[in-house]
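In mature numbering (1 follows the signal peptide of the UniProt record, and there is no 0), the protein residues as written are -33 to -1, 1 to 786.
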């Protein structure tokens, strides 16, 4: 009989690992410093040649402005390096042959202008400027200035995204995001391939992050009601570069990162990114994260018609899950609010000695690109992933008795840490996945019409296996209440016993339609095919139409333990998702567009990140359906230094499924929801050395039809009416020994409702951050970041009856070197 993983805390490892990574990077950088001049010259050579060749070859009405990232010539990213996988366009060896005559070109643009960024996948080969949809980008420069350390931190720069605490038997946690108020936990992608794992993602391997707003099933497949998140990772490039950073700060925060790229031969390069991180949480007791990761990659054929990139990713994380504080309803009021709004200590944590979230993630990817000629390109992206996870989390609940006691005698208020589904059920999760996406881009003319066709297939399989564990109280029924004081919680429960595999199986959580199951197994296979054609009727006007077909085959079984013979369910569904775009580009700097798109979400889609993806009562449910109508404009100003976007949209969702937070039962509500509004953004360099990125979103999110009449006209939960982000920096004395960069910004999200009936509400978030940095000795930099400077009580993860206080005031000091 095996025992579940026991929580361990090892302080020195991440600190020592990070310091070693930094020293190693600097040592290598120093050894190679003599070649830096040649390397920089080569990088500049490719950069200028690529941009000039693209400007000459790109037709009017589609070409980006001088200096921003081209879509057909595949120039380098904003940091000046040649990417390993140019998504579309002229072979780089052709660019190199003409480079000698083109090196005089001056590159104009800004690393902060998001319109220059690529989306990061071959199925969307255009840059943000020429993509007919709302796209938010968290650029590399912004992440560096904010010292971003996770995907969650990066996405705080995107309006309309909120984080939700995973629910269900045992909970889910990990990265659980909502976009425009709609679930997106299964809509997280890395380099265009779905990341099936349930874990908290570190950002050490990110080049930039893109968020495609609105239904996008024609590109990504099933899901994407609110949109999709795509992380573009660091890839090998021609030329050598070496970097390392060490950070330390509030709440025993220690972090080291390494990023080394080495060219090997004329067309091969190796890159390795690594990270060691250890931190507690400011303003939350007993909560911490210890993690490390490594991401080596190698690219063959850089600058040639055929490029193959292989990359491996590993991340180990041992953290304490935080399910926050309960919501309370003050007598005489009708709206529940966080207990901390009524004087509860924000540091209170209601877990036990068994709470733990330990993950190991391994992913191996291959990206192949072949340019047959200037008209036809082939792409094949393949990934296999393995995800291991042990998870145990206490879920505090405050019933009517607890609520009443808090407002009369706070010391008598008792929280039930097993307040949902009979309490938390620890489990060991072992998953694996494989996905292959093949696509072709063909460019040709039929008479006076110019075409760009994108076609291919997408095949994916995901398998999930869980072993459930049970709690027991010294031989007594383990499903009894686990009470602790709301005001002064105790985290060590001596009488609470955690059984090994198969032990105390009679105390496993009893799930309706499933029973007390020891093992749970889920799997799903998705076979999809997609096709789209963009036609230029004139150099300035084009239309794009496409569709995707998916066959979804999902299965779920729960067996052994008191469940008896167990249960098994399955369903097969075929989905069709079309899209239509109209684009008008009166000049190289402007695009006006219309977008109509549909998406579907089958019930069994969430294999790895839901407690019961299928039940007898839900086996035949039709998928959720969504439609998007959007108009917008994008404009590049001041020779590419600034980019502006504006869009207005209407998103309609039908056949919405609801999950009861107390029972976990899924029901077809037949609710019809509508979110309509507009979004604005401005990004780039206002004046020399003065950068800014700002966003704003307004959402009118409403339930327009429901079997529960009282919910009609209520706001959709988790969708803020107003949200905005702002960040700006200025460098004084640039390129001088006394240079200093300083800046800061604001993140604002209006309060949101936490349930469909609008009876529970999360307060607004207002966070002021700042930074200051100084570069010296050409390659070194010191930086100080301050977060939540006003020490405001904000909230991060949200759910229907509890909420997690966000990080309090914190400071982080960093020293880095790049060669």
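We put the CB at the ideal spot given by N, CA and C, even for glycine.
Chain-order list of residues whose beta-carbon lies under 7 Å from that of residue i (same chain, five-residue window excluded)
i           : result
residue 251 : 289, 314, 316 and 772
residue -10 : The pLDDT assigned to residue -10 is 46, lower than 50, so where the model puts this residue is not dependable, and the model offers no usable value.
residue 682 : 668, 669, 720 and 725
residue 689 : 665 and 717
residue 540 : 519, 569 and 590
residue 448 : 383 and 385
DSSP three-state assignment for residue i, whether helix, strand or coil
i           : result
residue 183 : coil
residue 550 : strand
residue 527 : coil
residue 95  : helix
residue 151 : coil
residue 784 : strand
residue 168 : coil
residue 558 : strand
residue 545 : strand
residue 477 : coil
residue 337 : strand
residue 370 : helix
residue 107 : helix
residue 469 : coil
residue 791 : An answer regarding residue 791 cannot be provided, because it is not within the stretch -33 to 786 covered by the chain.
residue 363 : coil
residue 572 : helix
residue 162 : coil
residue 120 : helix
Any chain D beta carbon closer than 8 Å to residue i
i           : result
residue 680 : No chain D appears in this structure, which consists of one protein chain only.
Contacts around residue i, its chain only, beta-carbon distance under 6 Å, and the 5 residues preceding and following it disregarded
i           : result
residue 263 : 239 and 279
residue 739 : 709 and 751
residue 333 : 277 and 349
residue 763 : 130, 771 and 773
residue 593 : 182, 192, 566 and 620
residue 641 : 619, 669 and 671
residue 410 : 342 and 419
residue 662 : 126, 648 and 692
residue 337 : 273 and 345
residue 86  : 177
Beta-carbon proximity of residue i to residue j, cut-off 8 Å
i           : j           : result
residue 406 : residue 184 : no
residue 82  : residue 469 : no
residue 537 : residue 517 : no
residue 100 : residue 591 : no
residue 732 : residue 714 : yes
residue 244 : residue 219 : no
residue 318 : residue 458 : yes
residue 77  : residue 658 : yes
residue 186 : residue 96  : no
residue 393 : residue 436 : yes
residue 779 : residue 216 : yes
residue 327 : residue 694 : no
residue 157 : residue 198 : yes
residue 190 : residue 154 : yes
residue 302 : residue 728 : yes
residue 160 : residue 396 : no
residue 706 : residue 741 : yes
residue 329 : residue 281 : yes
Whole-number beta carbon distance between residue j and residue i, since they are thought to touch under 8 Å
i           : j           : result
residue 723 : residue 678 : 5 Å
residue 616 : residue 644 : 7 Å
residue 595 : residue 559 : Actually they are not in contact, since the Cβ atoms of residue 595 and residue 559 sit about 17 Å apart, beyond 8 Å.
residue 606 : residue 80  : Not a contact, Cβ separation roughly 11 Å.
residue 322 : residue 359 : 6 Å
residue 142 : residue 119 : 6 Å
residue 736 : residue 775 : Between residue 775 and residue 736 the Cβ distance is about 13 Å, and since that is not below 8 Å, they are no contact.
Cβ-based neighbour list, residue i, same chain, cut-off 8 Å, excluding 5 preceding and 5 following
i           : result
residue 499 : 185, 420, 421, 422, 511, 512, 513, 514 and 546
residue 363 : 290, 291, 292, 293, 317, 382, 383, 384, 386 and 769
Quick check for students: name the residue ranges of the alpha helix (DSSP H) that lie wholly in the region 183 to 238, counting only runs of 4 or more.
184 to 187
Which complete beta strand (DSSP E) runs does the region 718 to 782 hold, if anything under 3 residues is left out?
732 to 743, 747 to 754, 762 to 765 and 769 to 772
My parser needs the beta strand (DSSP E) runs of 3 or more residues fully inside the region 267 to 312; what are they?
273 to 286 and 292 to 295
Beta strand (DSSP E) runs contained entirely in the region 384 to 459, provided each spans 3 or more residues:
394 to 413, 416 to 435, 438 to 440 and 450 to 452
Entirely enclosed alpha helix (DSSP H) segments - the region 662 to 686, minimum 4 residues:
none
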